[in-house]
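One structure is given here, and the rest of the page talks about it.
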Amino acid sequence: MTHTQFHSCIQACIDCALSCESCASACLGEGDVQMMAKCIQLDRDCASFCTLAAILMSRQSTYAKTFCRLCAEVCRACGEECSKHQSDHCQECAKACLACAEECERMAA
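Each residue of the sequence shown is one higher than the one before, starting from 6 at the first, in the numbering used here.
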């Protein structure tokens with residue numbers, strides 16, 4: 006597989022990682038941080054998974070597809086958690102996570 010074939014998924018992973026980092030930071034500024042703990046934890050995990058997935062695809066690693074399968078799982082979990090919260094940053098993050106999950110699932114197929 007060439008780098009251009011990975012491009013769409015790489016971009017979705019980068020967008021998702023940035024959205025998750027932004028969401029986690031915004032959640033830390035919420036009045037009830039404890040209520041946002043699961044969201045923050047998943048945001049941080051998802052950002053890390055997405056970053057590594059993008060790196061592996063950029064390298065054309067033999068593990069990229071396998072890792073994308075796991076990344077999709079983490080993105081779905083994060084997206085589902087973020088969608089429970091009404092704040093704009095959580096709703097935007099949920100959309101980015103679900104879009105990335107779909108891209109990673111296509112890549113892993």
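Every residue gets a Cβ at the ideal spot worked out from N, C-alpha and C, and that includes glycine. From a predicted model like this one, the values you see are computed outputs, not experimental measurements.
Taking the Cα of Ser-13 as reference, the smallest distance to any Cα among His-94, Gly-34, Ala-59, Thr-71 is reached at Ala-59. Sorting Asp-37, Glu-35, Cys-98, Thr-67 by C-alpha distance to the C-alpha of Ala-82 places Cys-98 at the top.
In the three-state scheme derived from DSSP, where H, G and I count as helix and E and B as strand, Asp-20 is classed as helix. In the structure shown, Lys-89 falls within a coil segment according to DSSP collapsed to helix, strand and coil. Judged by DSSP in its simplified three-state form, Asp-48 adopts helix. By the C-beta criterion, the segment 77-96 is judged to be in contact with the segment 26-45, since at least 3 inter-stretch pairs fall below 8 Å.
Straight through space, the alpha carbons of Ile-45 and Met-112 are spaced by roughly 26 Å.
Segment contact: the segment 20-33 against the segment 48-58, three or more CB-CB distances shorter than 8 Å; contact assigned. With respect to Ala-31, Glu-108 sits apart: the two C-beta atoms are not nearer than 8 Å.
Between Ala-106 and Ala-77, the CB-CB gap stays under 8 Å.
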